[in-house]
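Q: After the structure tokens below, expect a handful of questions from me.
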Amino acid sequence: MEIFFSERFKKDYKLYSDDLKKIINSKLKILTENPFHPSLRTKKIKGKEDIFETSISMSIKMTWSYYGNGILLRAVGGHDKTLKNP
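Just so you know, we're using this note's numbering here: the sequence shown kicks off at 2 and counts up by one.
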């Protein structure tokens, strides 16, 4: 599955340390193979018909939606900030 990056996601991603970027990248690899793999804890965001959240860690979430034949990564960040404006 192809991955597309929103400008917001790119901006958010740049803020993280190299160690956290490695974790995000490993989660992205899993996401491309199976968006609903149990380790991602993926679920639909309430009130948003086509936007999903995936856990990077207990405090960091990533939002995404289907885009054509792929996935559009929308945002990555702290739980409350990211899910308030996915």
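Even for Gly, the Cβ is constructed at its ideal location relative to N, Cα and C.
1. Just the C-alpha distance for lysine 47 and aspartate 19, rounded to the nearest angstrom, thanks.
2. Can you tell me whether lysine 40 is helix, strand or coil according to DSSP?
3. Cutting at 6 Å between CB atoms, please list the residues of its own chain near phenylalanine 53, excluding the five before and the five after it.
4. Methionine 2 and isoleucine 72 look like a contact to me (Cβ under 8 Å); what is the Cβ gap, rounded to whole Å?
5. If you run the structure through DSSP and keep just helix, strand and coil, what is tyrosine 67?
A: Here's the rundown:
1. 31 Å
2. At residue 40 the sequence reads serine, which differs from the lysine that was named. In this structure, serine 40 counts as helix in the three-state DSSP scheme.
3. Hits under 6 Å: Thr43, Lys45 and Trp65.
4. 6 Å
5. strand
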